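Participant: What follows is a single structure, and I will ask about it in a moment.
Number of protein chains: 2
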Amino acid sequence: MPESVLREVQDEMLCLPGAGASLLEISHRDKLFVEILHDAENTLRSLLGVSDDYGVLFMQGGATLQFSAIAANLLRGTGKRAEYLLTGSWGKKAISEAKKEGEAVAIYDAKETNYDRLPGASDYTVSDDAAYLYYCSNETIQGVQFQNEPECPASVPLVSDASSDFLCRPLPVDKYGLLYACAQKNAGPAGVTVVVMRKDLIEKADPSIPGYLYYKNHLDNDSEWNTPPTFAIYVLGKVARWLRDDIGGLAEMEKINREKSSSLYKIIDESGGFYRGHANVECRSLMNVTFNLPSDELTAKFISEAGANRLAALKGHRSVGGIRASIYNAMPREGVDALGQFMADFLSRNG
Amino acid sequence: MPESVLREVQDEMLCLPGAGASLLEISHRDKLFVEILHDAENTLRSLLGVSDDYGVLFMQGGATLQFSAIAANLLRGTGKRAEYLLTGSWGKKAISEAKKEGEAVAIYDAKETNYDRLPGASDYTVSDDAAYLYYCSNETIQGVQFQNEPECPASVPLVSDASSDFLCRPLPVDKYGLLYACAQKNAGPAGVTVVVMRKDLIEKADPSIPGYLYYKNHLDNDSEWNTPPTFAIYVLGKVARWLRDDIGGLAEMEKINREKSSSLYKIIDESGGFYRGHANVECRSLMNVTFNLPSDELTAKFISEAGANRLAALKGHRSVGGIRASIYNAMPREGVDALGQFMADFLSRNG
Numbered sequence: 001m002p003e004s005v006l007r008e009v010q011d012e013m014l015c016l017p018g019a020g021a022s023l024l025e026i027s028h029r030d031k032l033f034v035e036i037l038h039d040a041e042n043t044l045r046s047l048l049g050v051s052d053d054y055g056v057l058f059m060q061g062g063a064t065l066q067f068s069a070i071a072a073n074l075l076r077g078t079g080k081r082a083e084y085l086l087t088g089s090w091g092k093k094a095i096s097e098a099k100k101e102g103e104a105v106a107i108y109d110a111k112e113t114n115y116d117r118l119p120g121a122s123d124y125t126v127s128d129d130a131a132y133l134y135y136c137s138n139e140t141i142q143g144v145q146f147q148n149e150p151e152c153p154a155s156v157p158l159v160s161d162a163s164s165d166f167l168c169r170p171l172p173v174d175k176y177g178l179l180y181a182c183a184q185k186n187a188g189p190a191g192v193t194v195v196v197m198r199k200d201l202i203e204k205a206d207p208s209i210p211g212y213l214y215y216k217n218h219l220d221n222d223s224e225w226n227t228p229p230t231f232a233i234y235v236l237g238k239v240a241r242w243l244r245d246d247i248g249g250l251a252e253m254e255k256i257n258r259e260k261s262s263s264l265y266k267i268i269d270e271s272g273g274f275y276r277g278h279a280n281v282e283c284r285s286l287m288n289v290t291f292n293l294p295s296d297e298l299t300a301k302f303i304s305e306a307g308a309n310r311l312a313a314l315k316g317h318r319s320v321g322g323i324r325a326s327i328y329n330a331m332p333r334e335g336v337d338a339l340g341q342f343m344a345d346f347l348s349r350n351g
Numbered sequence: 001m002p003e004s005v006l007r008e009v010q011d012e013m014l015c016l017p018g019a020g021a022s023l024l025e026i027s028h029r030d031k032l033f034v035e036i037l038h039d040a041e042n043t044l045r046s047l048l049g050v051s052d053d054y055g056v057l058f059m060q061g062g063a064t065l066q067f068s069a070i071a072a073n074l075l076r077g078t079g080k081r082a083e084y085l086l087t088g089s090w091g092k093k094a095i096s097e098a099k100k101e102g103e104a105v106a107i108y109d110a111k112e113t114n115y116d117r118l119p120g121a122s123d124y125t126v127s128d129d130a131a132y133l134y135y136c137s138n139e140t141i142q143g144v145q146f147q148n149e150p151e152c153p154a155s156v157p158l159v160s161d162a163s164s165d166f167l168c169r170p171l172p173v174d175k176y177g178l179l180y181a182c183a184q185k186n187a188g189p190a191g192v193t194v195v196v197m198r199k200d201l202i203e204k205a206d207p208s209i210p211g212y213l214y215y216k217n218h219l220d221n222d223s224e225w226n227t228p229p230t231f232a233i234y235v236l237g238k239v240a241r242w243l244r245d246d247i248g249g250l251a252e253m254e255k256i257n258r259e260k261s262s263s264l265y266k267i268i269d270e271s272g273g274f275y276r277g278h279a280n281v282e283c284r285s286l287m288n289v290t291f292n293l294p295s296d297e298l299t300a301k302f303i304s305e306a307g308a309n310r311l312a313a314l315k316g317h318r319s320v321g322g323i324r325a326s327i328y329n330a331m332p333r334e335g336v337d338a339l340g341q342f343m344a345d346f347l348s349r350n351g
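Residue numbers (UniProt numbering), protein chains in the order written: chain Y, 1 to 351; chain R, 1 to 351.
If you want it as structure tokens, here you go:
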């Protein structure tokens, strides 16, 4: 979280300017909050270049609820099948929820190589009449990130879980039918999920699905069909403004993220095999740098010594092992540099 | 929101004690957040006297998501019917979602008298094999509040939407199969819903319902099946501690709420018919005081003059008209006294 955003939130905690009360106290129908919500939406729209053909919603329930909502709105009752590219842990969770709503098939699965790669256009075929093509743009556990949108017929809506790389770089929204991101990586605090979707796409959904999952309820009521997560939206709006006004937009953010991640990948590549990246080079993530060390003992030593240097939360997920350095937008260059310096030192002492 | 809670949140915004980072930055798996979550749960358990037979969950999606979740877990696939007492606007919304999941029937509906009353035991009959009996303990728009739990056979789980009077008074949890409350009235900020339910009851639910709606996922993972709304839970924990340690518990809170609401009802009753309470006397709410004035002109004048006296948000819902004064736990006696004084003055000038 950018420090300037935290300071603003702190300053306004007891009294939101103009409200005479805390943001935590005013109603979601209060004119001031409605302005905050619209401002957050409009800042996202300007950052991403979202056209009026698309709705921008703020929902609760995280990616997990979206796994169900997407299939309930776009698959249930269509007689079609949904097609999934499985490139890591989050895609697998998504398809298991979709199977409850209809036919959902993995047309690509990188399981055999423990999700270290992404498909090329020749590695899968999307049916022309698929309900949608689903993928996860960045898999946090494996550290693989699509560099571009996967190939998808124009007749098939492309759906993306962008939770962990949303706002890390420009995003061609008009290539998507629907994309969503829970906020807690790059966009704000836990408790709000941004959903961007083509308005015409969700008009056909079956209104008999659970009301909270039915996108049209949220779209028709500007995310105020029921009480939205007011505080999370308020902070998200401030983060979006920081990205636009302080950073200078998403192209600038991408430049910074490339510099940060490159500096770590360079150390991995020049370590003579001491550090071994998990993800194949061409699909390395800007957000999650995953690598292994020569032994479990060295991995444990790395984590322990890093912790003593105030470099925390580096342990990789058990399915991949090793180290995972998550370097989301708000991680300053100094933090990445400190980790890089530690990696170089650790190599010189143990390599 | 109690001012002491807001000040604590403000003080800790940049650095949560022990974390070296903001609560908005740490992972929901961080030991410090897990402690905060468990502490919030345990404070609620001690305030309400919740036994180990019950789970206490923190979920997202508000009451609206619970409308669906309750019916999906307790009605879908059972072949039974769910029975509803409709005493106001929120109950009506709940039954419409339940009907998507199975047979849901209103066995009492106060529509004819515009929801100004609650049923006595002779006004409805619950089937011995109903999936559950559902009611809303306090209807915010109408200002009617059950003084005790409705009569319900021991074979039928009692389910309550306690969103708007949760923590306003002691609650005999062991009479319930399930009760829930979105936090934003008495318990914390918008964005988290507390669900208290008998563990054995939800074991029988159909796992093919959308995963986020399946209570067992949340119960088996201590509300960390997916990322919970961390900030809202953190604030809720502080509000619960304020109730326990500063107020002295729920019996004490009820005493304060009775004094606050009685002072307004007294002015209504002694106004010679100038102020006319919407709810029948025996089911008046401690939280929402609803009344009408002799004419629309006087109502408009009342709201306008009150606003000039910094008494805001008094306009009643269009279905009831008139005035609604919401005096939740955190509304200080001084605020209620100021409203009472204004009501007396307004009467003397216009009565």
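For glycine and all other residues, C-beta sits at the position ideal for the given N, C-alpha and C. On a predicted model such as this, the values are computed, not experimentally measured, just so you know.
In chain order, which continuous runs of the alpha helix (DSSP H) of length 4 or greater are located wholly inside the stretch 141-214 of chain R?
Facilitator: 199-202
Participant: Give a yes or no on whether the C-beta atoms belonging to V289 (chain R) and I327 (chain R) are separated by under 8 Å.
Facilitator: Against the second sequence, residue 289 (chain R) aligns to sequence position 289. Against the second sequence, residue 327 (chain R) aligns to sequence position 327. Taking C-beta atoms as the reference points, V289 (chain R) and I327 (chain R) count as a pair closer than 8 Å.
Participant: Output the distance between the C-alpha atoms of A162 (chain R) and G102 (chain R), rounded to the nearest integer angstrom.
Facilitator: Your numbering for residue 162 (chain R) matches position 162 in the second sequence. Your numbering for residue 102 (chain R) matches position 102 in the second sequence. In a straight line, the C-alpha of A162 (chain R) is about 23 Å away from that of G102 (chain R).
Participant: When you check each C-beta in the stretch 209-224 of chain R against every C-beta of chain Y, which residues fall closer than 8 Å?
Facilitator: I209, P210, G211, Y212 and L213
Participant: Going by CA-CA distance only, name the one from R:K80, R:D129 and R:L86 that's closest to F146 (chain R).
Facilitator: Looking up residue 146 (chain R) in the second sequence gives position 146. The option with the nearest alpha carbon to F146 (chain R) is R:L86.
Participant: Taking a contact to mean a Cβ-Cβ separation below 8 Å, would you say residue 365 (chain R) touches V192 (chain R) in this structure?
Facilitator: Outside the displayed span of chain R (1 to 351) sits residue 365 (chain R), for which this structure offers no information.
Participant: Identify the continuous alpha helix (DSSP H) that holds L293 (chain R) and give its terminal residues.
Facilitator: Position 293 of the second sequence, counting from 1, holds the residue named residue 293 (chain R). Looking at the DSSP string, L293 (chain R) is not in any alpha helix (DSSP H), and its letter there is neither H nor E.
Participant: Does K238 (chain Y) pass the burial test, meaning 16 or more other C-beta atoms within 10 Å, or should it be called exposed?
Facilitator: For the purposes of this step, residue 238 (chain Y) is identified with residue 238 of the first sequence, where counting begins at 1. Answer is buried; the Cβ neighbour count reaches 16.
Participant: Determine the burial state of P157 (chain R): buried for a count of at least 16 other Cβ atoms within 10 Å of its Cβ, exposed for fewer.
Facilitator: Locating residue 157 (chain R) in the second sequence gives position 157, where the first residue counts as 1. Classification of P157 (chain R): buried, given that the 10 Å Cβ count is 16 or more.
Participant: Helix, strand or coil for K93 (chain Y) per DSSP?
Facilitator: For the purposes of this step, residue 93 (chain Y) is identified with residue 93 of the first sequence, where counting begins at 1. Helix at K93 (chain Y).
Participant: For I256 (chain Y), report the span of its alpha helix (DSSP H) as first-last.
Facilitator: Residue mapping note: residue 256 (chain Y) aligns to position 256 of the first sequence, counting from 1. Residues L250 to D269.
Participant: Anything in the stretch 162-189 of chain R with a Cβ closer than 9 Å to a Cβ of chain Y? List those residues in chain order, please.
Facilitator: C182, Q184, G188 and P189
Participant: Does the Cβ-Cβ distance between S155 (chain R) and D123 (chain R) come in under 8 Å?
Facilitator: In the second sequence, residue 155 (chain R) corresponds to position 155, counting from 1. In the second sequence, residue 123 (chain R) corresponds to position 123, counting from 1. In this structure, D123 (chain R) does not lie closer than 8 Å to S155 (chain R) by Cβ.
Participant: Can you pull the chain Y neighbours of Q10 (chain R), defined as C-beta to C-beta under 8 Å?
Facilitator: The sequence position of residue 10 (chain R) within the second sequence is 10, counting from 1. Here the neighbours are Q10, M13 and L14.
Participant: May I ask you to list the residues that DSSP assigns as paired with G277 (chain R)?
Facilitator: Within the second sequence, numbered from 1, the residue matching residue 277 (chain R) stands at position 277. Beta-bridge pairing links G277 (chain R) to R:F291.
Participant: Touching or not, the stretch 169-184 of chain Y and the stretch 235-254 of chain Y, by the rule of three or more beta carbon pairs under 8 Å?
Facilitator: With the cut-off at 8 Å, the stretch 169-184 of chain Y and the stretch 235-254 of chain Y touch.
Participant: From A106 (chain R) to Q66 (chain R), what distance separates their C-alpha atoms?
Facilitator: As a first step, residue 106 (chain R) is located in the second sequence; it is residue number 106 there, counting from the start. As a first step, residue 66 (chain R) is located in the second sequence; it is residue number 66 there, counting from the start. Computed Cα separation, rounded: 18 Å.
Participant: Classify D109 (chain R) as helix, strand or coil using the three-state DSSP reduction.
Facilitator: By 1-based counting over the second sequence, the position of residue 109 (chain R) is 109. The DSSP-derived three-state label of D109 (chain R) is strand.
Participant: Counting only beta-carbon atoms, is N226 (chain R) nearer than 8 Å to chain Y?
Facilitator: Position 226 of the second sequence, counted from the start, is the residue given in the question as residue 226 (chain R). Closer than 8 Å to some Cβ of chain Y, the Cβ of N226 (chain R) qualifies, so yes.
Participant: Closer than 8 Å, CB to CB, is L65 (chain R) near chain Y or not?
Facilitator: Reading the second sequence from its first residue, position 65 is the one you call residue 65 (chain R). Chain Y, which has a Cβ nearer than 8 Å to the Cβ of L65 (chain R), makes this yes.
Participant: Label N73 (chain R) either buried or exposed according to how many other C-beta atoms from any shown protein chain fall within 10 Å of its C-beta, with 16 as the threshold for buried.
Facilitator: Locating residue 73 (chain R) in the second sequence gives position 73, counting from the first residue. Flag for N73 (chain R) reads buried.
Participant: On the DSSP bridge list, what partners appear for I323 (chain Y)?
Facilitator: As a working mapping, residue 323 (chain Y) is identified with position 323 in the first sequence. Answer is Y:F291 and Y:K315, bridged to I323 (chain Y).
Participant: I'd like to know if G61 (chain Y) contacts chain B, where contact means its C-beta is closer than 8 Å to some C-beta of that chain.
Facilitator: Protein chains Y and R are contained in the structure displayed, whereas chain B is not.
Participant: Is there contact between the stretch 41-49 of chain Y and the stretch 165-177 of chain Y, where contact requires at least three CB pairs shorter than 8 Å?
Facilitator: yes
Participant: Hey, out of Y:G49, Y:F231, Y:P153 and Y:P172, whose CA is closest to E25 (chain Y)'s CA?
Facilitator: Position 25 of the first sequence, counting from 1, holds the residue named residue 25 (chain Y). That would be Y:F231, whose Cα lies nearest to the Cα of E25 (chain Y).
Participant: Look up M59 (chain R) in the DSSP assignment and give the residues it is bridged to.
Facilitator: Here residue 59 (chain R) refers to the residue found at position 59 when the second sequence is read from its first residue. Answer is R:T193, bridged to M59 (chain R).
Participant: Have a look at C136 (chain Y) and I268 (chain R) and give me their C-alpha separation to the nearest angstrom.
Facilitator: Position 136 of the first sequence holds residue 136 (chain Y). Position 268 of the second sequence holds residue 268 (chain R). The C-alpha of C136 (chain Y) lies about 59 Å from the C-alpha of I268 (chain R).
Participant: In angstroms with no decimal places, state the Cα-to-Cα distance between N329 (chain Y) and G321 (chain R).
Facilitator: As a first step, residue 329 (chain Y) is located in the first sequence; it is residue number 329 there, counting from the start. As a first step, residue 321 (chain R) is located in the second sequence; it is residue number 321 there, counting from the start. The straight-line gap from Cα to Cα measures roughly 49 Å.
Participant: State the CB to CB distance for the pair P172 (chain Y) and E203 (chain Y), rounded to an integer number of angstroms; the pair is presumed to be in contact (CB under 8 Å).
Facilitator: Counted from its first residue, the first sequence places residue 172 (chain Y) at position 172. Counted from its first residue, the first sequence places residue 203 (chain Y) at position 203. Going by Cβ atoms, the distance from P172 (chain Y) to E203 (chain Y) rounds to 23 Å, so no, they are not a contact pair.
Participant: Tell whether a beta-carbon distance below 8 Å holds between T64 (chain R) and Y212 (chain Y).
Facilitator: Sequence index remark: in the second sequence, residue 64 (chain R) carries index 64 (1-based). Sequence index remark: in the first sequence, residue 212 (chain Y) carries index 212 (1-based). Yes, the pair counts as a contact, with Cβ atoms nearer than the cut-off.
Participant: Which of the three DSSP states, helix, strand or coil, is assigned to A124 (chain Y)?
Facilitator: Within the first sequence, residue 124 (chain Y) is the residue found at index 124, counting from 1. It is Tyr, not Ala, that sits at residue 124 (chain Y) in the sequence shown. It is coil, neither helix nor strand.
Participant: Quick one: does E97 (chain Y) have its CB under 8 Å from some CB of chain R?
Facilitator: Position 97 of the first sequence, counted from the first residue, corresponds to residue 97 (chain Y). At a cut-off of 8 Å between beta carbons, E97 (chain Y) contacts chain R.
Participant: Which whole runs of the alpha helix (DSSP H) in the stretch 28-87 of chain R are 4 residues long or more, in chain order?
Facilitator: 31-48 and 62-74
Participant: Name the chain R residues that come within less than 7 Å of H28 (chain Y), Cβ to Cβ?
Facilitator: Here residue 28 (chain Y) refers to the residue found at position 28 of the first sequence. Within 7 Å Cβ-Cβ: A190.
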